[in-house]
Amino acid sequence: MASRSLADCTAWELRDLYARGEASPSEAVRAVLDRIDAVDPALHAYLYVDREAALLDAARWDGRAGRDDAPPLAGIPVALKDNICTRGWPTTAGSRMLEGFRPPYDATVTVRLREAGAVLLGKTNCDEFAMGSSTENSGFGPTHNPWDLARVPGGSSGGSAAAVAAGAATLALGSDTGGSIRQPGAHCGVVALKTTYGRVSRYGLIAFASSLDQIGPFARDVRDAALLLGVIAGHDPADSTSAPRPVPAYAGGLTGEVRGLRIGLVREFFGEGIAPGVADAVRAAAGVLAGLGATCDEVSLPHAAYAMPAYYIIAPAEASSNLARYAGVQYGHRTEHAEDLYTLYARTRREGFGAEVKRRIMLGTFALSSGYYDAYYLRAQRVRTLIRREFAAALERFDLLLGPVAPTTAFRIGEKAEDPLQMYLSDVYTIPVNLAGVPGISVPCGFAGGLPVGLQLIGRAFDEAAVFNAAFAYEQATPHHTARPPLAASPPSSWDSPRAGGSRA
Amino acid sequence: MGLAPRRGKPRVTHETVIGLEVHVQLETASKMFCGCAVEFGAAPNSRTCPVCLGLPGSLPVLNRRAVELGLRTAVVLECRIHPQSEFHRKNYYYPDLPKNYQISQYQYAGHPPLATAGRLDLDAGEASRTIGIRRVHLEEDTGKLLHAEGRSLVDYNRSGTPLMEVVTEPDMRSPEEARLFLAQLRAVLQYAGVTTGRMEEGTLRCDANLSLRAPGGPHGTRTEVKNMNSLRSVERALRFEEARQREQLARGEPVVQETRHWDEQRGVTFSSREKEEAQDYRYFPEPDLVPLVVDDAWVAQVRTGLPELPEAKRRRYAEVFALPEHEARLLTATRPMAEFFEAAVREFNQPKIVANWLVGDVAAYLNGAGQEIEEAHLTPTALAGLLQLLDRGTLSGRLAKEVLEEMLSTGRTAGEIVKDRGLVQISDEAALAEMVDGVIAEHPGPVGDVRAGKDKAVAFLVGQVMKRSRGRANPEVVNRLLRARLGAR
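Protein chains in written order, with this note's numbering: chain A, 204 to 708; chain B, 346 to 834.
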């Protein structure tokens, strides 16, 4: 086994090493911080890293992280997308509008991570207010794909995906409104889950589209993603839309058994616009699952075609209201050229928001306007209802639905920046899942043209366990998730793992 | 008033049509969507949190108690309570609105607010009428802007305070009726523990829509009147507005649909020059909240938990305290008055006497001063103290009235006033005997009458002694002394 840095270990591997006293949280966190130092000048996955705080936190767990009574993420380095509030740390949501804003409170997921012993590293880059599919809309410059620095990592959670792929974080959280976890997960070759709407508290997640936003995990394998979801999932009295349902033992429930599982291949997800290499990899993945004993049949979701237009009414409508508070009164950017109340608002917003955010605010404002509400917002909500029913019906016939995450692999930086519609289309297979409110995972399923391809598995509402288990079965049978980008392999390693790769079983 | 309708000239008598929108601050411990205390007078922005400050990432959680108070209102107003209602965002920009949208309950097809279609029966004796309640909904209050030294500052302590809006049908036909309705609505809401209902403090605010129409004709153009800070100003403002519209129509000029502000000092309404083109609030369902579900069990629980309402209290007063109907009615007209009465009776256990003084001298003083009992410089303990002095004979009835007047205007206690002014009744027989002897010597005529058996003359002589003592003599003692001396029985 080649020498391997602690930065490349999974959370479960670190837990084992801590338990055996073969590594300490301080060593692991230092290794990840060193990796950040080595790769992030090229990646720009992070907007903020608090080296000192992370090392202090890690030291608190030295000697304790391996004990039986240690919390599940004791001493595990975790990164947070920058739209998740962290008390005292900058939280910008990738927007110049919130430059310098440090929330006085932690998001619920932040609290849960801290309570679970996670060592928070810093904040990852994203498209401004999570609006985008490439992380190019960040007000602080794009993130690069660790597999090819000339390409985007996907978005909007591109920083989290790139960081996990490059060993610059063991685990990370992102948020998914129309594909913002799964699509960058696919483009960066990591495991990435969009949970059922209501599974994870949104309290402290800077809202883009409230009825769609969900926080979810990034990890380098399924077990790690399950571990992380187990920590952040569950009812939160501070979020009225979070579901008061029990949280199953996700990681403990992974059997890798898929015999008899009924899987539906979504016909509409293999149509026009999909890159042949992507389609091939995804079909091959279906074949692997069939080989493990699952049955695979085609299923049609005819209304999925209307998901994109409906989404681009509903999400901007909610965003136009959610982003109204950024107006230069209480926090964030304020224009220096205010002459009266109107110019305070208008100039603050003109200066603070980027082009895509403005585009969506205008779209949403229009869609909600009196006289247009019925034709746009109301109709879009009806489409959403149809899509939800269609998914529910399909998920009665099938245990899981299967398709690609995105029609192509990671595109080149700048390639779609001037063409919003082309950019929007990269979420064509993920958006319907958000509208349906059900969970969807992206699992690495090979490469096309040297770039990672993501397999999407979609489950019933609140049945993340089934999604994880099928993904785990696939992962056990294939080597794709073990491939690491060249960027992660080149940095110097100071530590040799005695049992690298040996933790899966 | 110059704009009062001219009489004598034959013309169509227009009917006045009034509807009210009443904003009520709910009496909850915490705010509508967060745990911050509802508390006035605290240091600016000290009763705030990420939610009521609208910080990025914060989310609202509905205050169950506020819903309960809304349900109480719906029950006492006999509304239809909707098993499921939604909250909406009302989008507009203003610095006192931290999210730049207000969470409210908007009503449109298929999306009812908390409650609709209720009623309140006006208690106006023979002319009793029913006023329809169009809807009852819940919403959050804004913060407050403070302008000082060329700067504007915002205090968000009030931001997120629970409000309830009660909208009536346009069923009132006169300013008097509007006042009566509002007084009665306020009373039941106070009784139900929904609100303190203090218009002066803004815990109850009222906007009114007024229009005129020819009998049987369609509704005329209405104006909305705002900024009325007391029951009396509601009536005055609407009376002015009614007359103004009448004049306008009499001159053949149309009434302009607009918002008008009441100027209490000048006694006029004036146009606020606000653009009447409806602002587009871009309402849509609040995605951060789940629909509000109210089941029958909850409503039943609210119904059984209702405090005693005015009507029940009135019946109880009449039965238990043996008070005449009109006194029971006056004492139960507002919750603070009833509470005052009950507290005073606890300290001076002669309900009829307490009632007499409250509906008599105290009410007369309050009317003259334009005050409510809760604003008066009088506590139940102070009134009870006065009545004890009267009961013990320390004060005569006449002196007691004087003392009460001073108590009400200064807030001092009866004991203090009596002591300062040397008002104590003279019951000392030696002191009185001297005065009695003096009066007998000065009035031989009436003295002769008494001796001749004309008992009526005793009263005259008692009056003379009272006069001599400047009201301080104990009339009973004087009476006894006079009769003893003159051999009358």
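We put the beta carbon where it would ideally sit given N, CA and C, even for glycine.
So residue i contacts chain B; which residues on that side make the cut at Cβ distance below 7 Å?
i, result
"residue 441(A)", "404, 406"
"residue 407(A)", "402"
"residue 580(A)", "629"
"residue 589(A)", "Neighbours of residue 589(A) on chain B: none; closest Cβ ~18 Å, over 7 Å."
I'd like to know whether the C-beta of residue i is nearer than 7 Å to at least one C-beta of chain B.
i, result
"residue 521(A)", "yes"
"residue 376(A)", "no"
"residue 400(A)", "no"
"residue 204(A)", "Low confidence applies here, because residue 204(A) scores a pLDDT of 39, under 50, leaving its location unreliable and the question unanswered by this model."
"residue 701(A)", "The predicted position of residue 701(A) is uncertain, since its pLDDT is 38 and thus under 50; a value taken from the coordinates is nonetheless stated next. No, residue 701(A) does not count as interfacial toward chain B."
"residue 571(A)", "yes"
"residue 563(A)", "no"
"residue 548(A)", "yes"
"residue 249(A)", "no"
"residue 308(A)", "yes"
"residue 283(A)", "no"
Quick one: what's got a C-beta closer than 8 Å to residue i's C-beta in the same chain, skipping five residues either side?
i, result
"residue 482(A)", "473, 607"
"residue 505(A)", "471, 593"
"residue 437(B)", "445, 446, 447, 624, 626"
"residue 527(B)", "365, 367, 551, 576, 579"
Could you tell me which residues DSSP puts in a beta bridge with residue i?
i, result
"residue 629(B)", "434(B)"
"residue 685(B)", "Looking at the DSSP assignment, residue 685(B) forms no beta bridge with any residue, so it has no partner."
"residue 607(B)", "614(B)"
"residue 496(B)", "493(B)"
"residue 553(B)", "365(B), 570(B)"
"residue 193(A)", "Chain A is shown only over 204 to 708; residue 193(A) falls outside these bounds and no answer can be derived."
Can you pull the chain B residues whose beta carbon is under 8 Å from the beta carbon of residue i, in chain order?
i, result
"residue 608(A)", "Simply none; closest approach about 25 Å."
"residue 301(A)", "401"
Identify the continuous beta strand (DSSP E) that holds residue i and give its terminal residues.
i, result
"residue 677(B)", "Per DSSP, residue 677(B) belongs to no beta strand (DSSP E) and is neither H nor E."
"residue 482(B)", "475–485"
"residue 238(A)", "Here residue 238(A) belongs to no beta strand (DSSP E); instead the alpha helix (DSSP H) covers 228–246."
"residue 686(A)", "Taken as a continuous stretch (DSSP letters only), residue 686(A) belongs to no beta strand (DSSP E), as it is neither H nor E."
"residue 251(A)", "249–252"
So which residues of chain B does residue i contact, with C-beta pairs closer than 9 Å?
i, result
"residue 533(A)", "398, 399, 400, 440, 443, 499, 501"
"residue 288(A)", "395, 400, 401, 402, 403"
"residue 638(A)", "What residue 638(A) touches in chain B: nothing, since even the nearest Cβ is about 13 Å away."
Just to confirm the assignment, what range does the alpha helix (DSSP H) spanning residue i have?
i, result
"residue 295(A)", "Careful: residue 295(A) lies outside any alpha helix (DSSP H) and carries neither H nor E."
"residue 754(B)", "742–755"
"residue 637(A)", "634–639"
"residue 659(B)", "655–665"
"residue 801(B)", "801–813"
"residue 649(B)", "641–649"
"residue 415(B)", "409–421"
Against chain A, does residue i count as a neighbour if the rule is that its beta carbon must be under 7 Å from one of theirs?
i, result
"residue 436(B)", "yes"
"residue 359(B)", "no"
"residue 346(B)", "Here residue 346(B) scores only 40 on pLDDT, less than 50, and its place in the model is too uncertain to base an answer on."
"residue 570(B)", "no"
"residue 625(B)", "yes"
What does residue i touch in chain A if you count any residue whose Cβ is under 7 Å from its own?
i, result
"residue 632(B)", "413, 414, 521"
"residue 446(B)", "524, 527"
Please go through the same chain and pick out, in chain order, the residues whose beta-carbon is closer than 7 Å to the beta-carbon of residue i, but skip the five residues on each side of it.
i, result
"residue 807(B)", "820, 823, 824, 827"
"residue 831(B)", "792, 795, 796"
"residue 389(B)", "500, 502"
"residue 423(B)", "463, 464"
Say the cut is 6 Å; is the CB of residue i nearer than that to a heavy atom of the ligand PLP?
i, result
"residue 443(B)", "The ligand PLP is not among the ligands present in this structure, which contains no ligands whatsoever."
Near residue i, what residues of its chain come up, given a Cβ to Cβ distance below 6 Å and the 5 sequence neighbours on each side ignored?
i, result
"residue 584(B)", "520"
"residue 642(A)", "398, 399, 662, 667, 670"
Taking residue i as the query, report the chain A residues whose CB atoms sit under 8 Å from its CB, ordered along the chain.
i, result
"residue 635(B)", "443, 444"
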